Amino acid sequence: MTLDLSENAIAGCNITAFSFVRRSAATSALRSALIKDGIHVPAFSLEMKTAVWSDALSLLAETMRSAEPYNDVIPCDERWEGGKRLVDRLLQSRSNGTTGSIAVDETGKRTNFSIVVMKKSKAGFEELGEWRSEDKEFVLAVASKNESSKKESLENKTLQVTIYLEEPFVMLKKVEKNEAIEGNDRYEGYCIDLLQKIAEIRKFKYVLHEVKDKAYGSKEANGKWNGMVGELQRGDADLAVASLTISYSRSEVIDFTVPYMHLGISILFKKPEATDPSFFAFMSPLSVDVWISMLAAYAGSELSPRAGSTRIAAVIWWFFTLIIISSYTANLAAFLTAQRMLSPIESADDLAKQTKIKYGTLGRGSTMTFFSESKIETYERMWKLMSSQPTLFVNSSKEGIWRVKTSDYAYLMESSMLEYAVERDCDLMQIGGLLDQKGYGIGLPKGSPYRELISTTILRLQEKTVLTELKDRWWKQQRGGGHCDASKATGVDLGTVSLYGIFIVLLVGLVISFAIAAVEFCTKTALETKKRDNGDTSIKMHHRLRNQSDGRQTGLTPVRSGLSVRTDNNENQLVNPL
1 MTLDLSENAI AGCNITAFSF VRRSAATSAL RSALIKDGIH VPAFSLEMKT AVWSDALSLL
61 AETMRSAEPY NDVIPCDERW EGGKRLVDRL LQSRSNGTTG SIAVDETGKR TNFSIVVMKK
121 SKAGFEELGE WRSEDKEFVL AVASKNESSK KESLENKTLQ VTIYLEEPFV MLKKVEKNEA
181 IEGNDRYEGY CIDLLQKIAE IRKFKYVLHE VKDKAYGSKE ANGKWNGMVG ELQRGDADLA
241 VASLTISYSR SEVIDFTVPY MHLGISILFK KPEATDPSFF AFMSPLSVDV WISMLAAYAG
301 SELSPRAGST RIAAVIWWFF TLIIISSYTA NLAAFLTAQR MLSPIESADD LAKQTKIKYG
361 TLGRGSTMTF FSESKIETYE RMWKLMSSQP TLFVNSSKEG IWRVKTSDYA YLMESSMLEY
421 AVERDCDLMQ IGGLLDQKGY GIGLPKGSPY RELISTTILR LQEKTVLTEL KDRWWKQQRG
481 GGHCDASKAT GVDLGTVSLY GIFIVLLVGL VISFAIAAVE FCTKTALETK KRDNGDTSIK
541 MHHRLRNQSD GRQTGLTPVR SGLSVRTDNN ENQLVNPL
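Under full-length UniProt numbering, the final residue of the sequence shown carries the number 578; numbering is consecutive throughout.
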C-alpha cells in the first residue's frame, strides 16, 4: 500500500517510521563504489530491497575476491573441496554496507544489525535513534541539525587532528640542516594533502599532533581503547587522519567517513635469489619422448619433390617443423625464468603449512585483530603460531620490512603499504592476493556533526580523480617511487651459464664429427694408396711386357737388368726398365 505523506495529507498526524537503511549513508556508499570505477552518478534515492541485495552481493563479491584461487579440474561426481572454505570465509566476513554492519552467524542469519527509528516533521523524516539487535536496546541519536547549520558549525573552526607516522600517508618532511619548520609544516604525505584539500573546500583550520602511544587503536583487556581511537573516544581529538582501517569493532565506538582508499591484507616477502638453471635447461620446453621422436624422424634428403603427393607430404612436414620450433622458442624463456624465480611460498595456505619461514603482523592494529577473530582454519592456524611467539609481532611496518629483508620472515601487512614498499625496493614482492577487503577512512568521535560534510567532500574529490592523482604522486613519484615499476622490467638475460648445456652439445657434436672425419680420411687415404700401388704395379708389368715384345721385334739384346736398345747408328744402348 502506498501512502500520501504530503504535508496536507498528514497534517496533525504523528508518524513514526522504521528503516533498515540510512539513506544518506547508503547513497554515499553506492556513489563511492560507482565513482571508484569511473562512473559518474547523479543523486538518487535507494529502496530497502535494493540496499539489501547490494549488501548481499557486495559481501559475496568481497569473499570471492579474497578467496584463494582454485584451478584444479573437478570431476562431476566429486565435491568441490574449496566450497566449504568459501562458505566458512563468507560466514566470518565483516563489512559495512548500505544497511550498516554486515555479519552473519553459523546458520547464515544476519546478526548485529540496527534499525533506524525516524519521526515525520515539517523538514522531513528526522532520525530519533536506532534499535540494536545485539543488546536489544534503543539508543537515542544525537540531536540532528540541518545541513546549513552543519556547514556553519564547520566553517572557521579549528580542529584538533591526531596523526600516525606511516609512509606514505603521514611523514616528517626532509629539511636542510639550517632549515627550521614548525607546526603543521613539519608533515607531508597522502593524508596531509587529503586533509588540506578538505580544509580548503570546507574552510576550516586544523592543528596536527602525533598520537601519544603510537598506535592506531585496539581494545585492551580492561575494555578501554588505545591509540587514535582512544583519543577520539576521550575527546582529545576531533579527527583522526591516517591509514586508519574501518572495522566493525572500531565503528562501535567512533564514526568513520566513507572510505578514501580500498585495500586488503597481503603477504610481503623477499624475492628468491636468482639460481642458475641446469646445464640442460634448454631441453625443458619439450619432453623426453618428443626429443626422441624428433631424433628418430631426422633424415637428410637432396631430392626435390615433384609429384603432388610428395609435395603435400613435404609441406605438412615443413608446417610441423614450424610449429615445433615456434613452440620451443616461446617456452624456452618461460622455463628459464621460472627456474630462476622459484618462491618457497605462493599463498597464505603455503605459509601456514610450513614452519621454516616465520611470519607476523603489526603488534597493535586491524591486521592482528583480523587474524585473532577469524574462524577460517588457515588463519586460525596462523594466529595460533603468532600468538604463541610474541616476538613475531613488530612495532612498525619499517621493522617488519627490515625483518623480511634480513631473515626468513614474511610480513602480513595492508596492501597499500606493501605496494609502496615494493615500488622502492626491488628485492621485495607480494605473495598471493588479498586475504580480505576493507578501506581506510577518517575517524571522528561518535555522533560527530562533521561526518556527512567530510564524507561528501571525499566523494567530490574521488569523482574529480583527485584521490587517484594523490596516490600516483606519493606511490609512484615522490621519494623514489617507480624505481621497481614492473612495466619497465626487462627480459631475462641468457649468459653462458644459462646455455652451458647447448655449448656442451655443440662441443660433443664437434668432437664426434672430427672423429668421424678423421676415420673417414684415414680409410679413404689407405684405400687410395692401395689402389695407386696396385695401379703402378700393373703399369710396370705392362711396360715390361711391351718393351720385351718390342725388343724381339727390333733386335734388342737384354743386358744385365736393363734393356738393350739399338740406335739409328746400329749401336746398342742400355736402358733401365721403368
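We treat Cβ as the ideally placed atom computed from N, Cα and C, and that holds for glycine.
Quick caveat, the model's predicted, so the values are computed rather than measured.
Sequence-distant residues of the same chain with beta carbon closer than 7 angstroms to residue i, five excluded per side
i: Y450; result: L154 and L444
i: T378; result: A348, D349 and A352
i: Y420; result: E167, P168 and W475
i: M1; result: Bear in mind that a pLDDT of 46 at M1, under 50, signals an unreliable position, so the model cannot answer this.
i: K224; result: G230
i: G363; result: F393, V394 and N395
i: P305; result: R311 and A314
N- and C-terminal bounds of the beta strand (DSSP E) containing residue i
i: L263; result: M261 to L263
i: E414; result: Y409 to E414
i: F256; result: I254 to F256
i: L428; result: L428 to I431
i: I102; result: G100 to I102
i: A17; result: T16 to S19
i: V394; result: Unbroken run through V394: none, as it is neither H nor E.
i: A240; result: L239 to V241
i: V207; result: K205 to E210
i: L444; result: G443 to P445
Whole-Å CB distance - residue i paired with residue j, under 8 angstroms assumed
i: G227; j: D238; result: Their Cβ separation, rounded to whole angstroms, is 16 angstroms, which puts G227 and D238 out of contact at 8 angstroms.
i: G441; j: F256; result: 4 angstroms
Boundaries of the alpha helix (DSSP H) in which residue i is found, first to last residue
i: D193; result: Y190 to R202
i: V170; result: From DSSP, V170 is part of no alpha helix (DSSP H); its letter is neither H nor E.
i: F280; result: First-last for F280: undefined, no H or E at that position.
i: G439; result: It is not in any alpha helix (DSSP H) - G439 instead sits in the beta strand (DSSP E) that spans K438 to Y440.
i: T367; result: S366 to E373
i: Q233; result: G227 to R234
i: T162; result: No alpha helix (DSSP H) contains T162, which is instead part of the beta strand (DSSP E) from T158 to I163.
i: G82; result: G82 to Q92
i: S251; result: Y248 to S251
Beta-carbon proximity list for residue i, same chain, < 6 angstroms, skipping 5 on both sides
i: T16; result: K119
i: L195; result: V241
i: Y411; result: L268, G400 and V404
i: S133; result: F113
i: M368; result: T361
i: G480; result: R424
i: M48; result: F20 and V21
i: K203; result: E155
Nearest candidate by alpha-carbon position, reference residue i, set the options
i: I265; options: A526, G360, I504 and N96; result: G360
i: L244; options: T107, G217 and N96; result: G217
i: K446; options: I357, R234 and Y440; result: R234
i: S113; options: L461, R85, D55 and L392; result: Going by the sequence as given, residue 113 is Phe instead of Ser. With distances taken between Cα atoms, F113 lies closest to D55.
i: S326; options: Q478, L286, F521 and S513; result: L286
i: V258; options: T406, Y409, K438 and P390; result: K438
i: T63; options: N547, D185 and L86; result: L86
i: V208; options: N222, R186 and A215; result: The question names Val, but residue 208 in the sequence shown is Leu. Among N222, R186 and A215, the Cα nearest to that of L208 is on R186.
i: D472; options: T98, E380, M261 and E176; result: M261
i: M294; options: E130, I324 and L545; result: I324
i: R89; options: I376, Y500, I74 and T329; result: I376
i: L467; options: A518, S538 and C191; result: C191
CB of residue i within 8 angstroms of CB of residue j, strictly
i: K415; j: L428; result: The residue asked about is misnamed: residue 415 is Ser in this sequence, not Lys. No, the Cβ-Cβ distance between S415 and L428 is not below 8 angstroms.
i: I454; j: I345; result: no
i: R403; j: H483; result: no
i: V116; j: S19; result: yes
i: D289; j: L470; result: no
i: I502; j: F282; result: yes
i: S249; j: K219; result: yes
i: L165; j: L159; result: no
i: I163; j: E210; result: yes
i: V170; j: G183; result: no
i: M386; j: F370; result: no
i: V52; j: T99; result: yes
i: L59; j: S93; result: yes
i: S374; j: W383; result: yes
i: L459; j: K197; result: no
Contact set for residue i: own chain, Cβ-Cβ below 8 angstroms, skip 5 residues either direction
i: D105; result: L91 and T111
i: A199; result: K205 and Y206
i: S407; result: K358
i: I317; result: Per the sequence shown, residue 317 should be read as Trp rather than Ile. Once the five neighbours on either side are set aside, W317 has no close Cβ partner at all.
Any chain E beta carbon closer than 8 angstroms to residue i
i: E380; result: In the structure shown, chain E does not exist; there is a single protein chain.
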